[in-house]
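One structure is given here, and the rest of the page talks about it.
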Amino acid sequence: MPVLELREVTKAFPGVLANDRVSLVLEKGEIVALLGENGAGKSTVMNVVYGLLSPDGGEVLMDGRPARIKSPRQAIDLGIGMVHQHFMLVEPLTVTENIVLGREPGRFGAIDFATARRRVEELSLRYGLKVDPDARIIDLPVGMQQRVEILKALYQGARVLILDEPTAVLTPQEVRELFSVIRSLVDEGLSVVFITHKLEEVMAVADRIIVMRAGRVVGETSPEKTDDVGLARLMVGRDVVLRIEKTTKPTCGDTVLHVEDLRVRSDRGLEAVAGVTFSVCGGEIVAVAGVSGNGQTELVESIVGLRRPLAGTILLKGVDITRADARTSIEAGLSHIPEDRHRRGLILQFDLAENLVLGDHRVPPYAKGPLMRPGQVGAMAATRIADYDIRTPSAGVLAGNLSGGNQQKLVVAREIGRDPELLVAAQPTRGLDVGAIEFVHRQILAARESGKAVLLVSLELEEVLSLADRVLVMYEGRIVKELASGEADAETLGYYMTGGGGEKLSAQELQAPTHGGNA
Amino acid sequence: MNEKREQSVLVQRSWMVAAQKIGAPLISAALAVVVGSFIIWASGYDPRAAFIALWEGSFGSPKAIGDTLLKATPLILTGLAVAYGFRAGLFNIGAEGQLFLGGLAATWLGLSLAGLPWFLLIPLMLLASMLAGAAWAFVPAILKARIGAHEVITTMMFTYIGRYLVSYLVIGPLKAPGQIPQTAELPGAGQLSRIQALFSEATLASFEFLKLGRGHLGIVVAVIAAVLVWFVLKHTTLGYENRAVGFNPWASQTAGISVQSTTVKALCISGGLAGLAGSTEVMGVHHRLFDQFSSGFGFTGIAVALLAKNHPIGVIPAALLFGALAAGAGRMQFQADVPQKIVLIIQALVIFFVAAEEIVLWLIRRRQKEAVSHAG
Numbered sequence: 000m001p002v003l004e005l006r007e008v009t010k011a012f013p014g015v016l017a018n019d020r021v022s023l024v025l026e027k028g029e030i031v032a033l034l035g036e037n038g039a040g041k042s043t044v045m046n047v048v049y050g051l052l053s054p055d056g057g058e059v060l061m062d063g064r065p066a067r068i069k070s071p072r073q074a075i076d077l078g079i080g081m082v083h084q085h086f087m088l089v090e091p092l093t094v095t096e097n098i099v100l101g102r103e104p105g106r107f108g109a110i111d112f113a114t115a116r117r118r119v120e121e122l123s124l125r126y127g128l129k130v131d132p133d134a135r136i137i138d139l140p141v142g143m144q145q146r147v148e149i150l151k152a153l154y155q156g157a158r159v160l161i162l163d164e165p166t167a168v169l170t171p172q173e174v175r176e177l178f179s180v181i182r183s184l185v186d187e188g189l190s191v192v193f194i195t196h197k198l199e200e201v202m203a204v205a206d207r208i209i210v211m212r213a214g215r216v217v218g219e220t221s222p223e224k225t226d227d228v229g230l231a232r233l234m235v236g237r238d239v240v241l242r243i244e245k246t247t248k249p250t251c252g253d254t255v256l257h258v259e260d261l262r263v264r265s266d267r268g269l270e271a272v273a274g275v276t277f278s279v280c281g282g283e284i285v286a287v288a289g290v291s292g293n294g295q296t297e298l299v300e301s302i303v304g305l306r307r308p309l310a311g312t313i314l315l316k317g318v319d320i321t322r323a324d325a326r327t328s329i330e331a332g333l334s335h336i337p338e339d340r341h342r343r344g345l346i347l348q349f350d351l352a353e354n355l356v357l358g359d360h361r362v363p364p365y366a367k368g369p370l371m372r373p374g375q376v377g378a379m380a381a382t383r384i385a386d387y388d389i390r391t392p393s394a395g396v397l398a399g400n401l402s403g404g405n406q407q408k409l410v411v412a413r414e415i416g417r418d419p420e421l422l423v424a425a426q427p428t429r430g431l432d433v434g435a436i437e438f439v440h441r442q443i444l445a446a447r448e449s450g451k452a453v454l455l456v457s458l459e460l461e462e463v464l465s466l467a468d469r470v471l472v473m474y475e476g477r478i479v480k481e482l483a484s485g486e487a488d489a490e491t492l493g494y495y496m497t498g499g500g501g502e503k504l505s506a507q508e509l510q511a512p513t514h515g516g517n518a
Numbered sequence: 000m001n002e003k004r005e006q007s008v009l010v011q012r013s014w015m016v017a018a019q020k021i022g023a024p025l026i027s028a029a030l031a032v033v034v035g036s037f038i039i040w041a042s043g044y045d046p047r048a049a050f051i052a053l054w055e056g057s058f059g060s061p062k063a064i065g066d067t068l069l070k071a072t073p074l075i076l077t078g079l080a081v082a083y084g085f086r087a088g089l090f091n092i093g094a095e096g097q098l099f100l101g102g103l104a105a106t107w108l109g110l111s112l113a114g115l116p117w118f119l120l121i122p123l124m125l126l127a128s129m130l131a132g133a134a135w136a137f138v139p140a141i142l143k144a145r146i147g148a149h150e151v152i153t154t155m156m157f158t159y160i161g162r163y164l165v166s167y168l169v170i171g172p173l174k175a176p177g178q179i180p181q182t183a184e185l186p187g188a189g190q191l192s193r194i195q196a197l198f199s200e201a202t203l204a205s206f207e208f209l210k211l212g213r214g215h216l217g218i219v220v221a222v223i224a225a226v227l228v229w230f231v232l233k234h235t236t237l238g239y240e241n242r243a244v245g246f247n248p249w250a251s252q253t254a255g256i257s258v259q260s261t262t263v264k265a266l267c268i269s270g271g272l273a274g275l276a277g278s279t280e281v282m283g284v285h286h287r288l289f290d291q292f293s294s295g296f297g298f299t300g301i302a303v304a305l306l307a308k309n310h311p312i313g314v315i316p317a318a319l320l321f322g323a324l325a326a327g328a329g330r331m332q333f334q335a336d337v338p339q340k341i342v343l344i345i346q347a348l349v350i351f352f353v354a355a356e357e358i359v360l361w362l363i364r365r366r367q368k369e370a371v372s373h374a375g
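Protein sequences appear in the order of chains W and C. Counting in numbering that gives the first Met the number 0, the first sequence runs without a single skipped number right up to 518 at its last residue. Counting in numbering that gives the first Met the number 0, the second sequence runs without a single skipped number right up to 375 at its last residue.
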């Protein structure tokens, strides 16, 4: 008898059928990957199971008995635990305090912390989830915080554990550790549902794979019976090129971007970029690889004019833009795909045309003196929407109503369509599904082919390896290694990204401020 | 097929948005009338008679319409002021103070340049009031842009300074001879004429609807201002940047828009519009300055902007509604014997239902959801 069974679960939101008669079973001691593009309905169906959403039809069975799950509390009582993409931890409290929160041992209102701590240690030992029970959450790296979330679910007696996109925030090493944790959980008799849109993870960890598309289950398979390409086809509904091969050698033209001994402070006043020097020339893609929080964000912000560097020089086609603001940089020929498209890339309440002209709204042909020229803006918008295949009924739709992939196409269309000298792309495919990733990658390569300089900053090794002509590995604010595309592979990059080149650091450099994963 | 579905959802959503934009304020106003009726009834009065009197006092005759226009004029301008600020993400709660400074500047200029012909004096006075209102908003604007001082606090504080400054001046330096603390009367060339004064007796006799009583040309100034603000927001880079910063300052900054400079411009333009409300009030209604010349128009302007959803053209009907309530209140008292203050309750209810729009939207959405699930 399956532990968990869904029968024809249906959930509609106004105007959208998020789940259309979804049926699936989960056996004891099994890892099921729920694979699908963004918006396929994976999270929705699991939120129904966890009691966060109530279904419009169908039923959920736990241990063969119909379960009416109306709240997470009821789900927890039935033995269902869920770890969300965004952790629900109280940052100033300790690991133990967070785990027992809501179910504190003790009586008469007094919490028995000794017992609580002992139970946490027991669980931690039993499942191989090493974590310091007295550490405060705020001091822990993201991977550790995730362990705390898993421990919390186990403490509450979970037999079914739902992990919603658990690897989105992890480093490659942390991902590997998470996978071994998941395996030890199922060895202990738990069942795991693993929600993801990343193919390689599915192949690495799942016993069984359920693929969803547009609210429906479109297929079920296992890693032995399929491969990346087959899965991608099932997921997207057409053939997808997973890794685009570059057909041409880089044509290094003039030096477009030159950065010399750049030093930049973070918001916390630490020296996040500690003396970085590199160049990017026209027709090549230079990637900056590194674990999140090693100064990449500050590096990008200082190049695009959002953050004043402490010292150093930034030259764009020989023009000094070290202290230029974003407007001057744009006018000097810089385009920027920001890492956070909702915060910095788009104005969600603006329609597509208004978003496409953002940044060019004050220059001809889109403006004439103080006036905007809607005709020109509209014509440009229509062209971009067609060229970049943005799926929308019209240019008058608000950007906030587009899917994540189409929103990113919108940003890419604006920034590449501007025909810049330099494209700075910061995590251009974050949170996108394979179809959209393929599209963005093609556009970036097309920009390279047309002779533009591209600076790519990415946390995704696959992306770096697939696109870059040269890779700069950043660690603690410095470039610790430069690799040509031929020399770079995931292992080498991972080694340098985590400080593996440390023996080369001088004593003075070792005193440089460190950045925890919670930066 | 999936794509088609996504598209139909998007289209549906955009008309839903439009329906909600216009429908929600209307429903809010209607709900206010319903609940207001109940309150009038519960207080022992006749709601039917009350609303009939309110209607007659505000729209029942050309003279009543004139009164409504008179009350709506400053509300259009302060409503525009607040709305323009909101469109940049700024809450100019100090329109009242900027209005006082506008009234002061216009009066002072009108009295100083008494010899000028009207076609010079009136534009100069209007311009002076805008500059004065903008100047009064400038200090809070700079404080906001430079050090992040919250404009709700600073503009409010400046309102007190402005009001007491006017109080002082009309008691002291600008006081006209006599017992009453007020300035001398503006010269005729510095007054905005009543609308009916533009027409001959014969015309008025044949076109009764032009007998708009106290309604003055300030309404024309206000409507022109509304159209201009709409044009600026919709068709200029200034307005585009204003809206961009209001929606998302981070994305604006990334796109090279200076958030600081946009903030300063927005608050100053907002202050200028509020200042204009001061001059039209002085020039069209009182023809002189005294310390009670505004009955809180700057504050009611916040409610007007709220009801109009910060849309410059929407400000006109919203101001007319509040103007009508103010104009009809007197008649409601003497004809239906319902205390004038009931009008304040109805005003408050309109604001309440607009602010509690989620309730109204929830009602609309529930209907739409039903419609969708029936269709699906």
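Beta carbons: idealized from backbone N, C-alpha and C, even for Gly. Computed from a predicted structure; not experimentally measured.
- If only complete runs of 4 or more residues are kept, the stretch 454–499 of chain W shows the alpha helix (DSSP H) at 460–466, 489–496, in order along the chain.
- The continuous stretches of alpha helix (DSSP H) do not include residue 395(W), and DSSP gives it neither H nor E.
- Against chain C, a Cβ distance below 9 Å from residue 371(W) picks out 233, 234, 235, 236, 238, 239.
- Taken in chain order, the whole beta strand (DSSP E) runs of length 3 or more contained in the stretch 302–353 of chain C number zero.
- Between the alpha carbons of residue 175(W) and residue 202(W) lies a gap of roughly 13 Å.
- Counted as a single uninterrupted DSSP element, the beta strand (DSSP E) harbouring residue 56(W) occupies residues 56–61.
- Taking 8 Å as the upper bound for CB-CB distance, residue 220(C) and residue 185(C) are not in contact here, some 16 Å apart.
- Counting only Cβ-Cβ distances below 7 Å, residue 252(C) has contacts in chain W at 305, 325, in chain order.
- Its chain contains 228, 265, 268, 269, 272 as the residues whose beta carbon lies nearer than 7 Å to that of residue 83(C), once the 5 sequence neighbours on both sides are disregarded; these appear in chain order.
- Interface criterion met: the Cβ of residue 246(C) is under 7 Å from a Cβ in chain W.
- By the criterion of a C-beta distance shorter than 6 Å, residue 302(C) is surrounded in its chain by 350, once the five residues flanking it on both sides are discounted.
- DSSP places residue 29(W) in no beta strand (DSSP E); its state is neither H nor E.
- Put simply, the backbone Cα of residue 141(C) is about 18 Å away from that of residue 129(C).
- Distance from the Cα of residue 218(C) is smallest, within the candidate group 207(C), 42(C), 47(C), 315(C), for 315(C).
- In the same chain as residue 437(W), and ignoring 5 residues on each side of it, the C-beta atoms closer than 8 Å to its own belong to 239, 240, 241, 243, in chain order.
- Cβ-Cβ distances below 8 Å link residue 350(W) to 394, 395, 396, 397, 398 in the same chain, with the five nearest sequence neighbours on each side left out; the list follows chain order.
- Residue 94(W) places its beta carbon less than 7 Å from that of residue 132(W).
- Listed in chain order, the non-local C-beta contacts of residue 198(C) below 8 Å within the same chain comprise 206, 209, local neighbours out to five positions each way being set aside.
- Under the Cβ criterion of 7 Å, residue 363(W) is not counted among the residues facing chain C.
- A contact is defined here as three or more CB-CB pairs under 8 Å, and the stretch 81–101 of chain C meets this definition with respect to the stretch 148–163 of chain C.
- Residue 441(W): member of the alpha helix (DSSP H) spanning 433–448, first to last residue.
- At a cut-off of 7 Å between beta carbons, residue 78(C) makes no contact with chain W.
- Rounded to whole angstroms, the gap between the alpha carbons of residue 196(W) and residue 346(W) is 26 Å.
- Shown here, residue 212(C) sits in coil according to DSSP, grouped into three states, outside any helix or strand.
- Its chain contains 88, 89, 90, 91, 92, 93, 94, 97, 144, 147 as the residues whose beta carbon lies nearer than 8 Å to that of residue 136(W), once the 5 sequence neighbours on both sides are disregarded; these appear in chain order.
- CA-to-CA, the gap between residue 439(W) and residue 336(W) works out to about 11 Å.
- Judged by beta-carbon spacing, residue 329(C) lies beyond the 7 Å limit of residue 53(C), meaning their Cβ atoms are not closer than that value.
- Contacts with chain W at 7 Å (Cβ-Cβ) include residue 255(C).
- Per DSSP, reduced to three states, the secondary structure at residue 38(W) is coil, with no helix or strand assignment.
- Assignment of beta-bridge partners to residue 110(W) by DSSP yields 105(W).
- The secondary-structure analysis by DSSP pairs residue 65(W) across a beta bridge with 60(W).
- Contact note: residue 249(C) reaches chain W through 342, 343, using a C-beta cutoff of 7 Å and chain order.
- DSSP, read as helix, strand or coil, puts residue 426(W) in coil.
- Taking a contact as a CB-CB distance under 8 Å, the pair residue 284(C) and residue 215(C) counts as one, their CB atoms being some 7 Å apart.
- For residue 348(W), the nearest CB of chain C lies under 7 Å from its own CB, placing it at the interface with that chain.
- Following the DSSP letters along the chain, one finds residue 260(W) inside the beta strand (DSSP E) bounded by residues 254–264.
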